[in-house]
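The structure under discussion appears below in the form of structure tokens.
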Amino acid sequence: MPSYVFGPVPSRRLGRSLGVDLVPFKTCTYDCIYCQLGRTTQKTIERKEWFPLKDIFRQIQEKLSTELDYITLSGSGEPTLYSRIGELIAEIKSMTKVPVAVLTNGSLFWDKEVRASLMEADLVMPSLDAGEEELFRYINRPHDSISFDQLVKGLLRFRNEYPGQYWLEVFLLGVTTPLNKIKKIAEITKQINPDRVQLNTVNRPPAEEYATPIPDELMQHYPEIFGGNVEVIADYRGTHQQEQFASPRRDVLDLLRRRPCSVEDIAQGLGMHRNEVVKYVTELVKQGKLNYELHNRKLYYKYCFAHGE
């Protein structure tokens, strides 16, 4: 049976997170230029039961004895494309006190059925990366049927209806968000008035090389533009250093000592989920233990022998 559940993995925002993948790899309403998983291969707004609900639920049950901070519906694409997401959330809530988070781009919030399906989640984390149609199309490369105005109206409607925690992620890029563009995003963010605004930028190899990060020193100046409860998301938190995550990091390093590998190579070789692999290789690159290079449009990670252990 395919694996729909991965982790727990260390999450910058959610601590020990059990990931749940609800759609096939890179099935999404967007094709964001900064996506750490690469380009979207199936851009769609079709909602259906992509995987059997009973199989997903069974795999979640098998992991509930693990120490968890959140069960996170996210994975390799847009989770609200899963037509039975509301039923899944209700089933999880009926059997565990572990809070349920939904990591979504919010692009389908114009659909009242999508909004209704998320009402029982404890935390919903949508995103807003632009303050106007042109920049929205450049950064997010949405499905043709999704407009910027539609996205914003959906984010506002969901805020008005949803009783849980609403954290809005704003992803800023050096090549696309000069100060005047950031101020437009901030104006819309203030209208939405989420419980928390989290400012982020590129810290993993993006889908497109021109999706460049904003330097840390500049990122620290932006919260005052947004106002309210705003934070710049740090690269890593103490969760990553916990002993339970040491073994998979060592496994990744051991494999890469032998030969360079792509994320897919590592996932297959170690029996990990792609998302799990991405988290560990990103951390190891930051620590200087790995580097990477692009070859034939594919990213390969290499062990830095000069670094040692």
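Residue 1219 is where the sequence shown starts when you use this note's numbering, and the numbers rise one by one after that. Each residue gets a CB set at the ideal place from its N, CA and C atoms; glycine is no exception.
Taking 8 Å as the cut-off, the Cβ atoms of G1237 and T1290 count as close.
Where F1354 is concerned, the enclosing alpha helix (DSSP H) starts and stops at E1351 to N1358.
Setting aside the 5 residues that flank it on each side, V1496 is surrounded in the same chain by Q1254, L1255, R1422 and V1481, each with a C-beta closer than 8 Å to its C-beta; the list follows chain order. For R1467, same chain residues with a beta-carbon under 8 Å away, outside a window of 5 residues either side, are Y1498, E1501 and L1502 in chain order. When DSSP reads this structure, P1228 sits in a beta bridge with R1234. In this structure G1225 is buried. Its beta-carbon is surrounded by 16 or more other beta-carbon atoms within 10 angstroms. Secondary structure of K1520 (DSSP, three-state): strand.
Distance between C1250 and D1413, taken at the CA atoms: about 25 Å.
For M1313, the enclosing alpha helix (DSSP H) starts and ends at I1303 to M1313. For E1387, same chain residues with a beta-carbon under 7 Å away, outside a window of 5 residues either side, are M1343, S1345, Q1416 and N1418 in chain order.
A contact is defined here as three or more CB-CB pairs under 8 Å, and the stretch 1296–1313 meets this definition with respect to the stretch 1263–1274. In the structure shown, the three-state DSSP call for A1319 is strand. No residue range can be given for L1240, since it is assigned to no alpha helix (DSSP H) and is classified by DSSP as neither H nor E. Between Y1248 and R1359, the C-beta gap is smaller than 8 Å, which places the two residues in contact.
R1375 is the residue among R1375, E1427 and V1420 whose C-alpha sits nearest the C-alpha of I1410. In the structure shown, T1500 falls within a helical segment according to DSSP collapsed to helix, strand and coil. Within the same chain, T1290, L1291, S1292, P1297 and M1343 come within 8 Å of L1321 by CB-CB distance, once the 5 residues on both sides are set aside.
Counting only runs that start and end inside the stretch 1336–1399, the beta strand (DSSP E) elements of at least 3 residues fall at 1341–1343 and 1383–1389. Pairing S1283 with S1312, the inter-Cα distance amounts to about 16 Å. Taking the Cα positions, Y1380 is about 6 Å away from M1337. Secondary structure of E1442 (DSSP, three-state): helix.
Its Cα nearest to that of Y1428, the residue I1357 stands out among I1357, D1329 and P1228.
Under the three-state reduction of DSSP output, N1421 falls in the coil class, being neither helix nor strand.
Rounded to the nearest whole angstrom, the C-alpha separation of D1329 and Q1368 is 10 Å. Comparing alpha-carbon positions, the option among F1327, L1271 and L1341 lying closest to Y1288 turns out to be L1341.
Secondary structure at Q1486: helix, using DSSP grouped into helix, strand and coil. Sorting Y1252, T1245, A1348 and K1272 by C-alpha distance to the C-alpha of T1259 places T1245 at the top. Exclusion of the five residues before and after I1400 leaves L1390, Y1440 and I1443 as the residues of its chain whose Cβ lies within less than 7 Å of its Cβ. Leaving aside the five residues that flank E1405 on each side, the residues in its chain whose CB is nearer than 8 Å to its CB run, in chain order, G1349.
Here R1231 really is in contact with I1451; their C-beta atoms are around 7 Å apart, less than 8 Å.
Taking C-alpha positions only, F1366 is separated from S1325 by approximately 9 Å.
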